[in-house]
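Enquirer: With the numbering used here applied, the sequence shown covers 868 to 1018. Okay, here's the structure, questions in a sec.
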Amino acid sequence: MAASIVVPSDITLLEEKKSIGHRQLYIIEKLGLLGMAPFMIRLHYSKMDKGDCRAVLSKKYDPDDKSEAGVIVQKRQESVRKAVVSTNFMWGTAGTMSGLTWWSFRRYNYQARLVALPFIFYGGTFVGRMVGDMVTGRNAEFGRDRFLGSL
């Protein structure tokens, strides 16, 4: 059986070339990374996991660089930042909706609460994704930028 070889993508090489140092992550970005899945089972390396997002966000680029490559890496970093920050809103909205459901069922026994809670929490993640996309401006970004953020 042959071993799998993973090579860096073109965008990763471009990021390494354009990087001028290390960028400190903000607390809201750290919390967003904390809310992402801890690991990912990969068959084709088609999605970014927590470590990939952290690697993209921790690179610093020259803000005065107006070359095509410089603009691409900055747009990608901004798209990944919006996706990570919107994760906070997803979990916050789901938790808030679950808490409000628990409180609104305060006159009922715990079995009635436990029946409704998982469904409300699951629905709250979808509502939270929409809220997070609106707050971070992710719903208004171009398809090209969102695609760059998913590479």
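All C-beta atoms in this analysis are idealised placements derived from N, C-alpha and C, irrespective of residue type, glycine included.
Considering Cα atoms alone, identify which of 989, 870, 998, 997 is closest to residue 966.
Expert: Nearest option by C-alpha distance: 989.
Enquirer: Check this for me: beta carbons of residue 992 and residue 968, under 9 Å apart or not?
Expert: Taking 9 Å as the Cβ cut-off, residue 992 and residue 968 do not qualify as a contacting pair.
Enquirer: Taking the continuous alpha helix (DSSP H) assigned at residue 902, which residues delimit it?
Expert: Where residue 902 is concerned, there is no enclosing alpha helix (DSSP H), given that its DSSP letter is neither H nor E.
Enquirer: Note down the Cα distance separating residue 928 from residue 974, rounded to an integer number of angstroms.
Expert: Using only the alpha carbons, I get a separation of about 56 Å.
Enquirer: For residue 895, collect the residues of the same chain with a Cβ closer than 7 Å to its Cβ; drop the 5 residues on either side in sequence, then sort them by chain order.
Expert: Excluding sequence neighbours, residue 895 sits near 952, 955.
Enquirer: Measure the alpha-carbon distance for residue 971 versus residue 979 and round it to whole angstroms.
Expert: Going from the Cα of residue 971 to the Cα of residue 979 covers about 11 Å.
Enquirer: If you count every other CB in all the chains shown that lies within 10 Å of the CB of residue 1003, and 16 or more means buried, which is it?
Expert: That one is buried.
Enquirer: Run the CB neighbour count on residue 1011, radius 10 Å, all protein chains shown included, and call it buried at 16 or more, exposed below.
Expert: Per the 10 Å Cβ criterion, exposed.
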